[in-house]
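Have a look at this one:
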């Protein structure tokens, strides 16, 4: 277990800054982090059963739009977060990789469900054993299917990442190295 | 038969028109907001009219039939969940009935009525998704958001029975693992009292809505003869006028005790499919009311110690229960050789299980007759000549669930 | 419409085609010679028996009996009288060809493609026989009993730990 696990703060205080009458000054990176965190637009790559639990997360009982996920963008060019819900087969692998490369930075990937994380109960010749074989994944949400509360916890972990990561993650050498290992050119 | 191949259609347009780009190729899928799963249609269009659709399925092929040759009967229940995942209890209980037919187990009447209640709740859930999504893809998202709240109440009831929300793995061979809990009775009474009014609101939103009717009447029509030739079953077939329902034709699990009608459409178009499913939800409510009012007393499982796990308290204290437990878990019980076909009325039609057993603990061959796979073949015929918006609304109203399509 | 009545009608029309018959769990099951299956199904559809709904087509593989190794199983249904019948044909591994039913039933198109995809059975006269569920470059017919379920090319799993 690594130590740099993102810390989820549920009381959301203001970032540290200098305050006065009518103004509040803080670091630009905190403001951008906060803005990114509360407006993540997901791309629901829903293939099977986890897709129905994702639909349940979007609907009134669990309501994902209070996290800023109001607009589901099915166009990868306009999405921030790729939520892969469901089994990915080898036939669909190139499609998933294409969708991931079409997304613009910054982007995060959530593998929702056991099938997306590791192939799930389907250890067969036709199922890709985890999407991290073809694209880099930020958060894994295990479960078959995970309850909507678990999916929300996964989204909150992405929020913690979005808030605390460096603004231009794409320029960091570790990130370049990660993308090269998947043969994804930036 | 008319030659619907792409080359024949292209031959009708001379080459100058093709080069000038009059024919447009549009790729619908595999990942698309309107598709209820992943399957691809490559449409060749003349402006907005569709001339030809080339389908590709298999993007979520998980090799269920091959997996089931390696799993024993109780483990296959978890696979059947994941076929039509919107109404998982119907798949589970249908599989249990198939195995009971093979083993010659007769379940008590209470188990039959319990199964009917759960299967009809699952059918309501499945039709709520389909109709909500049809409304959403015609532009009315409100209906879907309200009906998902009702699905959450159905999920609460499933949790009381088996512990899981959606992929339920419900029941055992020979019955259920526990009787209905008091909380389940409370939830079901509450559901039966308050759901009809909320569902009537959803009906008022869409059933006589001018815009919705203009969108859906005439879209994706198919005649009864073509539907029967393709092997349609379920609400899609009933919308064309043929009143075939497995619950009435070959009653299983005491369906003959209940009084309900089979709603039937006339034109076989999207509006008829929507209305047939609406009416089927009302009929399912009727069945649940009858089953719940007349729920007989008795055991909640058949007395088959060879296949039904004994109580844990008995396993720790009695010798016979321990031996039975060992034999069932290790797969030492004898299973008769033979082949059986059993069909249940799933959310989409006749869901059939063809089980060939050679006496071992796993099936020799298990084949699922999946209704979605069989009627999706007709989709190109239904949309040829239509505009793209009709094609989308047709696809949603056919309730194609990718898990069942590819299996 | 009982099992005996239908069996007697089939044996009267096609005396050389019927190899055997049985009634497992109440469903009439008739084994037909491979080359006559289309005639038998056409007769069942057009005669007064009116068994005109094709429920399902699937394949099966019995490696222990080489002269009856690959089989195709048809389930048919008469909706009006609620009568079901199962027809089986068997063939050897070298001679896996059978007539297609796409002229009689439009629904047989994909059912036969699935059977071809899984077992390699070629259907003569099928308009578009190619794999439907598996990838086209899979290269083998996976449901045959000699192929394993898991992906043979995986490198990250240690089979000795999981008792395969």
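Chains as they are written, first to last, in the numbering used here: chain C, 96 to 281; chain D, 761 to 1167; chain A, 75 to 238. Note that the Cβ used here is the ideal one computed from N, Cα and C, for glycine as well. All values reported here derive from a predicted model rather than from experimental measurement.
Beta bridge counterpart(s) of residue i as assigned by DSSP
| i | result |
| --- | --- |
| residue 1101 of chain D | D:1114 |
| residue 815 of chain D | D:801 |
| residue 171 of chain A | A:196 |
| residue 180 of chain C | C:141 and C:207 |
| residue 806 of chain D | D:783 and D:809 |
| residue 134 of chain C | Beta-bridge pairing links residue 134 of chain C to no other residue. |
| residue 96 of chain A | A:103 |
| residue 235 of chain C | C:206 |
| residue 1061 of chain D | D:935 |
| residue 222 of chain C | C:184 |
| residue 788 of chain D | D:801 |
Proximity below 9 Å, CB of residue i to CB of residue j
| i | j | result |
| --- | --- | --- |
| residue 1059 of chain D | residue 871 of chain D | yes |
| residue 825 of chain D | residue 1121 of chain D | no |
| residue 817 of chain D | residue 1166 of chain D | yes |
| residue 977 of chain D | residue 1029 of chain D | yes |
| residue 1129 of chain D | residue 1103 of chain D | yes |
| residue 1020 of chain D | residue 1043 of chain D | yes |
| residue 222 of chain A | residue 195 of chain C | no |
| residue 1112 of chain D | residue 1095 of chain D | no |
| residue 160 of chain A | residue 860 of chain D | no |
| residue 931 of chain D | residue 1064 of chain D | no |
| residue 200 of chain A | residue 234 of chain A | no |
| residue 1034 of chain D | residue 947 of chain D | no |
| residue 94 of chain A | residue 87 of chain A | no |
| residue 1032 of chain D | residue 999 of chain D | yes |
| residue 166 of chain C | residue 199 of chain C | no |
| residue 1023 of chain D | residue 887 of chain D | no |
| residue 234 of chain C | residue 135 of chain C | no |
Classification of residue i by the beta-carbon crowding that lies within 10 angstroms, buried from 16 upward
| i | result |
| --- | --- |
| residue 762 of chain D | Legend: pLDDT at residue 762 of chain D = 48, less than 50; position of this residue unreliable, value from coordinates given subsequently. Per the 10 Å Cβ criterion, exposed. |
| residue 168 of chain A | exposed |
| residue 276 of chain C | exposed |
| residue 1146 of chain D | buried |
| residue 123 of chain C | exposed |
| residue 118 of chain C | exposed |
| residue 139 of chain A | exposed |
| residue 1026 of chain D | exposed |
| residue 1013 of chain D | buried |
| residue 278 of chain C | exposed |
| residue 96 of chain C | Only weak support is given to the placement of residue 96 of chain C: the predicted model assigns it a pLDDT of 44, under 50, and the value that follows is read from those uncertain coordinates. Residue 96 of chain C should be labelled exposed. |
| residue 784 of chain D | exposed |
| residue 856 of chain D | buried |
| residue 1158 of chain D | buried |
| residue 949 of chain D | exposed |
| residue 1003 of chain D | exposed |
Residue i: first and last residue of the uninterrupted alpha helix (DSSP H) it sits in
| i | result |
| --- | --- |
| residue 1032 of chain D | 1030-1053 |
| residue 132 of chain A | Note, residue 132 of chain A: premise wrong, no alpha helix (DSSP H); beta strand (DSSP E) at 127-135. |
| residue 272 of chain C | 268-276 |
| residue 859 of chain D | 848-863 |
| residue 1151 of chain D | 1148-1157 |
| residue 105 of chain A | Where residue 105 of chain A is concerned, there is no enclosing alpha helix (DSSP H), although the beta strand (DSSP E) it sits in stretches over 102-106. |
| residue 1163 of chain D | 1162-1166 |
| residue 1077 of chain D | 1072-1077 |
| residue 957 of chain D | 942-966 |
| residue 835 of chain D | 833-841 |
| residue 938 of chain D | No alpha helix (DSSP H) contains residue 938 of chain D, which DSSP labels as neither H nor E. |
| residue 82 of chain A | 77-87 |
Delimiting residues of the beta strand (DSSP E) encompassing residue i
| i | result |
| --- | --- |
| residue 139 of chain C | 137-141 |
| residue 908 of chain D | Looking at the DSSP string, residue 908 of chain D is not in any beta strand (DSSP E); the run it does join, the alpha helix (DSSP H), is 901-922. |
| residue 151 of chain A | 144-152 |
| residue 165 of chain A | 157-165 |
| residue 121 of chain C | 118-121 |
| residue 1126 of chain D | 1125-1129 |
| residue 113 of chain C | 112-115 |
Closer than 8 Å: residue i CB and nearest the ligand NAD heavy atom
| i | result |
| --- | --- |
| residue 868 of chain D | Among the components of this structure there are no ligands whatsoever, and the ligand NAD is therefore not found. |
Contact between the stretch 938-946 of chain D and the stretch 886-905 of chain D: three or more CB pairs below 8 Å? Result no; under three Cβ-Cβ pairs closer than 8 Å.
Cβ contact check for the stretch 1136-1146 of chain D and the stretch 794-812 of chain D: 3 or more pairs under 8 Å: Segments in contact, yes.
Does the stretch 948-964 of chain D touch the stretch 1035-1050 of chain D, meaning 3 or more C-beta pairs lie closer than 8 Å? At 8 Å Cβ cutoff, the stretches touch.
Assess, as a yes-or-no matter, whether the stretch 844-852 of chain D is touched by the stretch 918-934 of chain D under the definition of 3 or more beta carbon pairs within less than 8 Å. The stretch 918-934 of chain D makes contact with the stretch 844-852 of chain D, as at least three CB pairs between them are under 8 Å.
Does the contact criterion of 3 or more C-beta pairs under 8 Å hold for the stretch 174-184 of chain C versus the stretch 879-887 of chain D? Using a C-beta cut-off of 8 Å, the stretch 174-184 of chain C makes no contact with the stretch 879-887 of chain D, since fewer than three inter-stretch Cβ pairs fall below that distance.
Counting Cβ pairs, one atom from each stretch, are 3 or more of them under 8 Å apart for the stretch 108-116 of chain C and the stretch 884-895 of chain D? Judged by Cβ distances under 8 Å, the stretch 108-116 of chain C makes no contact with the stretch 884-895 of chain D, as fewer than three pairs qualify.
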